[in-house]
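Novice:
Numbering (my numbering), first residue to last: 206 to 465.
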């Protein structure tokens with residue numbers, strides 16, 4: 206399972222929203238989203254709305270350890286997309302959310318968001334430190350503009366990508382013939398991030414944390430080969446798939462060895 210990626214994204218969201226508590230550190234305010242854009246329809250025509258979307262892209266494991274399937278080094282790409290969208294009406298009176306071609310004013314907003322994003326991630330705050338704790342090393346930082354391929358229009362949208370070295374993932378466990386395995390708990394460092402948001406967060410960030418807990422509980426985590434640090438208040442109920450016959454291969458719980 207690859208909950209390290211979830212942990213890095215969630216910690217970044219918490220840093221960029223101040224845990225969902227005002228004052229927000231960027232002009233996107235609470236419009237910071239995990240792996241998606243969220244073009245809402247509560248805008249009036251012509252109204253601007255800055256927003257941020259956070260993704261994890263490449264994921265490379267290197268330097269194999271003496272344990273098969275385990276590595277000493279892991280490098281990922283954390284991409285923070287930021288844009289200034291608007292609710293627009295075209296020549297045929299069709300309405301919808303869109304990112305316009307950039308202008309001097311929109312460029313200023315993008316430049317401001319870039320500065321605010323970097324400042325929030327590296328700020329000496331509870332939320333900034335929570336994100337920094339997930340990172341072993343920053344390998345590079347790059348930024349590119351989004352433009353249309355057809356006409357090469359330069360849109361009011363950019364992506365900021367951090368190449369990061371993070372801790373290797375936790376072990377992947379299998380069901381065995383010994384019968385039911387005790388329900389696992391949410392592993393670190395995701396447990397600490399979720400607990401910090403539950404204790405101190407609010408708004409959409411708190412709602413996201415609760416939603417992730419519900420999703421993990423619903424999907425179920427495979428048991429791990431080594432004990433996981435407990436997360437107070439949360440124990441995951443994992444149904445056992447039934448006894449395994451001696452001539453059968455123990456099944457892997459869906460979602461275990463791949464990204465959730």
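Virtual Cβ for every residue (Gly too), placed ideally from N, Cα, C.
Values in this document were obtained by computation on a predicted structure and should not be read as measured data.
Would you kindly check if the distance between the Cβ of residue 414 and the Cβ of residue 403 is under 9 Å?
Specialist: Start at 1 with the first residue of the chain shown, and residue 403 comes out as number 198. Start at 1 with the first residue of the chain shown, and residue 414 comes out as number 209. Yes.
Novice: In terms of alpha-carbon separation, which member of 370, 421 and 334 lies closest to residue 219?
Specialist: Locating residue 219 in the chain shown gives position 14, counting from the first residue. Nearest C-alpha to residue 219: 334.
Novice: Does any heavy atom of the ligand GTP sit closer than 8 Å to the C-beta of residue 409?
Specialist: Of the ligands one can find in the structure shown there are none, so the ligand GTP has no counterpart to examine.
Novice: Rounding to the nearest angstrom, what Cα-Cα distance links residue 320 and residue 392 in this structure?
Specialist: Working through the chain shown from its first residue, we reach residue 320 at position 115. Working through the chain shown from its first residue, we reach residue 392 at position 187. Their Cα atoms are separated by approximately 33 Å.
Novice: Below 8 Å on the Cβ atoms is my contact criterion, and I expect residue 406 with residue 237 to pass it. Report the Cβ-Cβ distance as a whole number of Å.
Specialist: Locating residue 406 in the chain shown gives position 201, where the first residue counts as 1. Locating residue 237 in the chain shown gives position 32, where the first residue counts as 1. With 8 Å as the limit, residue 406 and residue 237 do not qualify as a contact, their Cβ atoms being about 12 Å apart.
Novice: Could you have a look at residue 221 and say whether DSSP puts it in helix, strand or coil?
Specialist: Reading the chain shown from its first residue, position 16 is the one you call residue 221. Helix.
Novice: Quick one, are the C-beta atoms of residue 222 and residue 336 less than 9 Å apart?
Specialist: The residue given as residue 222 occupies position 17 in the chain shown. The residue given as residue 336 occupies position 131 in the chain shown. No, they are not a contact pair.
Novice: Relative to the alpha-carbon of residue 324, which residue among 302, 232 and 299 has its alpha-carbon at the smallest distance?
Specialist: In the chain shown, the residue the question calls residue 324 occupies position 119. Minimum Cα distance to residue 324 is reached at 232.
Novice: Tell whether a beta-carbon distance below 9 Å holds between residue 363 and residue 351.
Specialist: Working through the chain shown from its first residue, we reach residue 363 at position 158. Working through the chain shown from its first residue, we reach residue 351 at position 146. For residue 363 and residue 351, yes; Cβs fall inside 9 Å.
Novice: Quick one: what's got a C-beta closer than 8 Å to residue 215's C-beta in the same chain, skipping five residues either side?
Specialist: Walking along the chain shown from the start, residue 215 turns up at place 10. These residues qualify, in order along the chain: 239, 395, 398, 399, 402, 413, 414 and 417.
Novice: Residues in its own chain within less than 6 Å of residue 298 by CB, not counting five upstream and five downstream?
Specialist: Counted from its first residue, the chain shown places residue 298 at position 93. Nothing meets the Cβ criterion.
Novice: Could you give the first and the last residue of the continuous beta strand (DSSP E) run that contains residue 366?
Specialist: Position 161 of the chain shown, counted from the first residue, corresponds to residue 366. First-last of the beta strand (DSSP E) with residue 366: 359-371.
Novice: Taking residue 307 and residue 359 to be in contact with their CB atoms under 8 Å, please state how far apart those CB atoms are, rounded to whole angstroms.
Specialist: Numbered from its first residue, the chain shown carries residue 307 at position 102. Numbered from its first residue, the chain shown carries residue 359 at position 154. So it is a contact: roughly 5 Å between Cβ atoms.
Novice: Since residue 331 is in the alpha helix (DSSP H), which residue starts that stretch and which ends it?
Specialist: The residue given as residue 331 occupies position 126 in the chain shown. Run containing residue 331: 331-337, per the alpha helix (DSSP H) assignment.
Novice: Which residue wins for smallest C-alpha separation from residue 291, given the options 303, 280, 281 and 282?
Specialist: Sequence index remark: in the chain shown, residue 291 carries index 86 (1-based). The candidate whose alpha carbon is nearest that of residue 291 is 303.
Novice: Under 8 Å by Cβ, that's how I've got residue 289 and residue 255 pegged, so tell me the actual separation to the nearest angstrom.
Specialist: Here residue 289 is taken as the residue at index 84 of the chain shown, counted from 1. Here residue 255 is taken as the residue at index 50 of the chain shown, counted from 1. About 5 Å; that satisfies the 8 Å criterion.
Novice: Taking DSSP as the reference, what is the three-state secondary structure of residue 394?
Specialist: For the purposes of this step, residue 394 is taken as the residue at position 189 of the chain shown. Three-state DSSP puts residue 394 in coil, outside helix and strand.
Novice: With distance defined between alpha-carbon atoms, name the residue in 229, 327, 263 and 258 nearest to residue 339.
Specialist: Counting from 1 along the chain shown, the entry for residue 339 is found at position 134. Closest option to residue 339, Cα to Cα, is 327.
Novice: Under the DSSP definition of a beta bridge, which residues are partnered with residue 300?
Specialist: Reading the chain shown from its first residue, position 95 is the one you call residue 300. According to DSSP, residue 300 bridges with 294.
Novice: Could you name the residues that DSSP lists as bridge partners for residue 409?
Specialist: Taking the first residue of the chain shown as 1, we reach residue 409 at position 204. Its beta-bridge partners do not exist; DSSP assigns none.
Novice: Under the assumption that residue 365 contacts residue 345 (Cβ atoms under 8 Å), give the Cβ distance between them as a whole number of angstroms.
Specialist: If you number the chain shown from 1, residue 365 lands on position 160. If you number the chain shown from 1, residue 345 lands on position 140. With a Cβ gap of about 11 Å, residue 365 and residue 345 do not count as contacting.
Novice: Quick check: residue 281 and residue 357, are their CB atoms within less than 9 Å of each other?
Specialist: As a working note, residue 281 is residue 76 in the chain shown. As a working note, residue 357 is residue 152 in the chain shown. No, the pair does not count as a contact, with Cβ atoms beyond the cut-off.
Novice: Would the beta-carbon of residue 314 fall within 9 Å of that of residue 361?
Specialist: What you label residue 314 is simply residue 109 of the chain shown in a count that begins at 1. What you label residue 361 is simply residue 156 of the chain shown in a count that begins at 1. Yes. Within cutoff.
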